[in-house]
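Quick note, our numbering runs 489 ahead of the 1-based positions in the sequence shown.
All C-beta atoms in this analysis are idealised placements derived from N, C-alpha and C, irrespective of residue type, glycine included.
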Amino acid sequence: MTISEALNRLTDLERTLRAYNHALGCLNYDGETVAPRNSAPARGETMAFLSGIVHEKITAGETGEIVDTLLAHKDELSLKDRRRAELLKEGRDDMTLVPADEYMAYQQLMAEAMQVWHDAKLASDYAAYAPYLDKIIAYNRRFAERKDAKRPAYDVLLDGYEKGLSHETLDPFFALLRSQLTPVILEVANRPRPDTAFLEQPYPIHLQRKFTDRVMEIMGIDRNDCAVGETEHPFTEGFNKHDVRITTHYHEDSVLSNLYSVVHEGGHALYELGVGDDLQGTFLACGSSMSIHESQSRFYENLIGRSHPFCEVLLPELKALFPEQLKGVDADKLYRAANLSEPSLIRTEADELTYSIHVMIRYELEKAMIEGSLPTADIPGEWNRMYKAYLGVDVPDDRRGCLQDSHWSFGAIGYFPSYALGSAYGVQMLHSMEKDVDVWGAVRGGDLRPITAWLGEKIHRHGQLLTPKELAERGMGGPFDPHCYVNYLKEKYGKLYAL
490 MTISEALNRL TDLERTLRAY NHALGCLNYD GETVAPRNSA PARGETMAFL SGIVHEKITA
550 GETGEIVDTL LAHKDELSLK DRRRAELLKE GRDDMTLVPA DEYMAYQQLM AEAMQVWHDA
610 KLASDYAAYA PYLDKIIAYN RRFAERKDAK RPAYDVLLDG YEKGLSHETL DPFFALLRSQ
670 LTPVILEVAN RPRPDTAFLE QPYPIHLQRK FTDRVMEIMG IDRNDCAVGE TEHPFTEGFN
730 KHDVRITTHY HEDSVLSNLY SVVHEGGHAL YELGVGDDLQ GTFLACGSSM SIHESQSRFY
790 ENLIGRSHPF CEVLLPELKA LFPEQLKGVD ADKLYRAANL SEPSLIRTEA DELTYSIHVM
850 IRYELEKAMI EGSLPTADIP GEWNRMYKAY LGVDVPDDRR GCLQDSHWSF GAIGYFPSYA
910 LGSAYGVQML HSMEKDVDVW GAVRGGDLRP ITAWLGEKIH RHGQLLTPKE LAERGMGGPF
970 DPHCYVNYLK EKYGKLYAL
């Protein structure tokens with residue numbers, strides 16, 4: 490096979506896989522948003538069948554020949570074509586470790602597990618969900634051992650979400666956060682609590698939906714390219730730069746929950762919408778890694794979304810829809826309420842200061858589950874113990890405890906650390922951005938386009954063309970320094986609570 494033939498066949502393969510993965514993604518989005526409750530088993534069968542075809546295409550001998558031909562001549566390829574071949578090799582290497590029937594069974598398991606998780610969460614019934622999680626953990630442990638039996642299985646899984654990530658990097662990172670932030674969390678707990686009573690009123694959901702539309706408009710998200718749905722646990726599906734789907738949830742007594750869900754998922758959407766036109770249709774046309782993706786979502790959610798200037802912009806929009814609830818509320822009051830810090834139960838609702846402790850707890854639990862020292866039956870008890878030890882809160886039920894997140898149900902073991910890393914990356918990106926852009930002038934003007942354009946040039950347009958490390962350092966203006974994150978949190982909450 491010549492290089493030219495290999496590149497043509499690579500393009501054909503990308504087109505085929507893109508079609509199947511688009512269909513699988515639509516089925517997943519449908520299942521999480523509008524599909525009938527009893528549709529999960531049949532949908533799982535369909536997804537398993539389609540996944541089997543994907544497995545067959547990637548593991549085929551011809552695909553191996555394409556990879557071998559291109560990588561044997563990698564010095565003759567453009568950066569774009571070399572990366573396409575490298576990513577195909579990584580995916581093929583992983584896929585060939587799993588027999589087709591096992592891969593299909595796992596896809597069906599996850600589709601069913603998501604529905605079981607949803608029902609178990611509503612009923613606060615971990616026991617109903619535990620057998621599914623047990624199978625998912627066993628699969629991931631088996632896959633990691635096949636991929637690299639010489640490394641800790643959890644490190645192998647981490648590597649799937651962030652190339653090169655391991656417990657040797659994360660243990661000191663979380664240790665730094667724990668040692669530096671715990672004293673601040675304790676100090677804040679002894680300070681007067683900001684007034685949040687105005688948020689603890691009914692905010693009609695039909696009006697919150699209108700507010701969602703306005704927030705997406707302020708963020709510069711083109712609704713012709715991005716839809717919004719409703720689900721139990723918000724997420725984003727990105728198929729191409731003209732088809733991105735975000736989700737949110739609505740609580741009548743928690744208007745900020747929807748707001749920051751939309752801003753967070755909107756950050757993911759802006760990343761996918763900003764991938765370069767020249768990468769569309771290839772393996773490169775998506776986010777580089779989960780920590781880079783979370784750096785974008787957490788950037789918009791917290792660094793922009795919870796800033797005083799953004800609260801100044803949002804308040805008139807909120808008052809137009811909820812005049813009675815917000816009577817007498819000014820931007821400063823909204824800002825302080827939006828940045829309330831106190832130990833809490835729910836990760837997605839947590840403030841910036843305590844958020845990474847929530848992530849650290851999941852990190853410790855995942856390590857123990859994968860290494861086999863924590864049986865799935867014992868997860869609720871260990872979860873509750875750690876929440877009491879690290880955050881000082883008592884977990885009243887499984888719904889607000891170990892069933893609150895959907896990630897384990899779709900096999901995302903090793904994903905959670907990306908949230909903390911992404912949060913830390915975002916702070917350095919902001920510092921770097923402020924050298925080039927009048928960030929806060931743009932925010933006060935209600936025009937985030939200069940911010941998104943800067944991120945688009947540094948991060949978004951490159952898709953997977955560059956490695957996560959290369960992208961992170963482009964955005965941060967240099968190597969990662971977790972102390973920047975710690976110092977940012979100390980400074981912000983020091984001012985908020987007069988420490």
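| Check | Outcome |
| --- | --- |
| Contact belief for residue 542 with residue 498 at Cβ below 8 Å, rounded distance in angstroms | About 17 Å; that fails the 8 Å criterion. |
| Beta-bridge pairing of residue 732 - partner residues as DSSP gives them | 729 |
| Close Cβ partners of residue 703 (< 7 Å) along its chain, the five nearest in sequence each way excluded | 806 |
| As assigned by DSSP and simplified to three states, the class of residue 891 | coil |
| Same chain, Cβ closer than 7 Å to residue 665, five either side skipped, listed in chain order | 971 and 975 |
| Limits of the beta strand (DSSP E) - the one that residue 719 falls within | 715 to 719 |
| Residue 760 versus residue 791 - alpha carbon distance | 16 Å |
| N-terminal and C-terminal residue of the alpha helix (DSSP H) that residue 626 is part of | 615 to 636 |
| Inter-residue spacing [alpha-carbon to alpha-carbon] between residue 794 and residue 545 | 44 Å |
| Cα-Cα separation between residue 826 and residue 611, rounded to whole angstroms | 28 Å |
| Stretch-stretch touch, CB-based, cutoff 8 Å, three pairs: the segment 664 to 680 with the segment 841 to 849 | yes |
| Exposure of residue 639, with buried meaning 16 or more beta-carbon neighbours within 10 Å | exposed |
| Range of the contiguous alpha helix (DSSP H) that encloses residue 643 | 642 to 650 |
| Distance between beta carbons of residue 622 and residue 872, contact taken as under 8 Å | The Cβ separation is near 12 Å, so there is no contact. |
| For residue 978, the nearest candidate out of 877, 830, 953 and 887 (CA to CA) | 830 |
| Residue from 906, 903 and 875 with nearest C-alpha to residue 891 | 875 |
| Range of the contiguous alpha helix (DSSP H) that encloses residue 604 | 589 to 612 |
| Nearest to residue 646 (by Cα), restricted to the options 721, 617, 779 and 568 | 779 |
| Neighbour-count burial assignment, residue 928, 16 or more Cβ in a 10 Å radius | buried |
| At least 3 beta-carbon pairs within less than 8 Å: the segment 513 to 524 vs the segment 573 to 583 | no |
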